[in-house]
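Only one structure is covered here, and it is reproduced in the block below.
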Amino acid sequence: MRAPRARASTGPSTRRTSERTGLAVPAARLGQTGRVKIDDTDRCPCLSGDPYGRCCGLVHRGERVAPTAEALMRSRYSAFVALDGDYLKRSWHPSTRPGSLSLDPDTRCLRLDIVRTWAGGPFDDAGEVEFRAIARDADGRYVLHEVSTFTREGGEWFYVDGVQMPGEPGQPS
Ligand SMILES: [Zn+2]
33 MRAPRARAST GPSTRRTSER TGLAVPAARL GQTGRVKIDD TDRCPCLSGD
83 PYGRCCGLVH RGERVAPTAE ALMRSRYSAF VALDGDYLKR SWHPSTRPGS
133 LSLDPDTRCL RLDIVRTWAG GPFDDAGEVE FRAIARDADG RYVLHEVSTF
183 TREGGEWFYV DGVQMPGEPG QPS
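Under the numbering used here, think of the first position of the sequence shown as 33, with each following residue one higher.
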C-alpha cells in the first residue's frame with residue numbers, strides 16, 4: 033500500500049525567491065484561475081496614464097504589436113494584473129517559454145516602475161528593461177526588482193528571461 037504523499041499545501045512558500053514572484057519564473061504549482069476583467073475605460077494597470085483599451089489592452093488583443101521592449105514589458109505586467117496567462121506565454125520567446133504557466137490568484141500587482149531601459153527600440157533587435165514591481169501576496173508586500181531581456185523577431189518583441197537584482201529590501205515604505 034502506498035502512503036499518500038504529503039505535499040506541502042499549507043500555503044505559500046515562505047522563501048522570498050523568484051518562484052513566488054511570477055514575472056520571470058512561472059509559479060507552476062498554482063492552479064489556473066480565470067482572468068481578472070479590466071474594462072477598456074479603466075486606467076491601464078501599467079500606469080501609463082492611458083485607458084487600458086488604448087494601451088496594453090490593444091496589445092493583449094493582438095490589435096497592436098508592442099513597439100518597444102518597454103511596451104512589451106508593460107503589457108506583460110498588465111497581463112499579470114489581469115491573470116492573462118495566454119498572453120504571457122505568447123509574449124514569451126519560444127526558447128525560454130515554459131510549457132505551462134499558472135498564475136497565483138492571491139498575488140496582486142500594485143505598482144510598476146520602469147527604472148532603466150537599454151536599447152529595445154523600434155530599430156533594435158534586443159533590449160533590456162530594469163523595473164521594480166510591487167506586489168502583495170499572502171505573505172505581504174514585496175518588491176520584485178528585475179532586469180528583463182527582450183528580443184525582437186519578425187517585428188515582434190518577446191520576453192526572453194530576467195535576472196533579479198539582489199538586496200531588495202522588499203518592504204517599501
Ligand atoms: Zn498599459
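Ideal Cβ positions, reconstructed from N, Cα and C, are used throughout, including at glycine.
Nearest candidate by alpha-carbon position, reference residue i, set the options
| i | options | result |
| --- | --- | --- |
| I146 | E178, R122 and R96 | E178 |
| F112 | V195, V161, M197 and R143 | R143 |
| R184 | P137, C141 and A103 | A103 |
| F190 | C78, G152 and I166 | G152 |
| T128 | G89, S180, P83 and R164 | S180 |
DSSP-derived helix/strand/coil call for residue i
| i | result |
| --- | --- |
| H177 | strand |
| G186 | coil |
| F155 | coil |
| D8 | Given a span of 33 to 205 for the chain in the structure shown, any question on residue 8 remains unanswerable. |
| V97 | coil |
| G194 | strand |
| G81 | coil |
| Q64 | For Q64, the pLDDT reaches just 45, beneath the cut-off of 50, and the residue's location in the model is therefore unreliable, leaving the point undetermined. |
| R122 | helix |
| R129 | coil |
In DSSP terms, what residue i is bridged to
| i | result |
| --- | --- |
| I70 | Its beta-bridge partners do not exist; DSSP assigns none. |
| D160 | For the record, residue 160 in the displayed sequence is Glu; it is not Asp. Looking at the DSSP assignment, E160 forms a beta bridge with W150 and T181. |
| C141 | A167 |
| G172 | D169 |
| R108 | The partner list for R108 (beta bridge, DSSP) is empty, contrary to what the question assumes. |
ask   = What residues sit near ligand 1, counting only those whose C-beta is closer than 6 Å to one of its heavy atoms, in chain order?
value = This criterion selects C76, C78, S80, C87, C88, R106 and S110.
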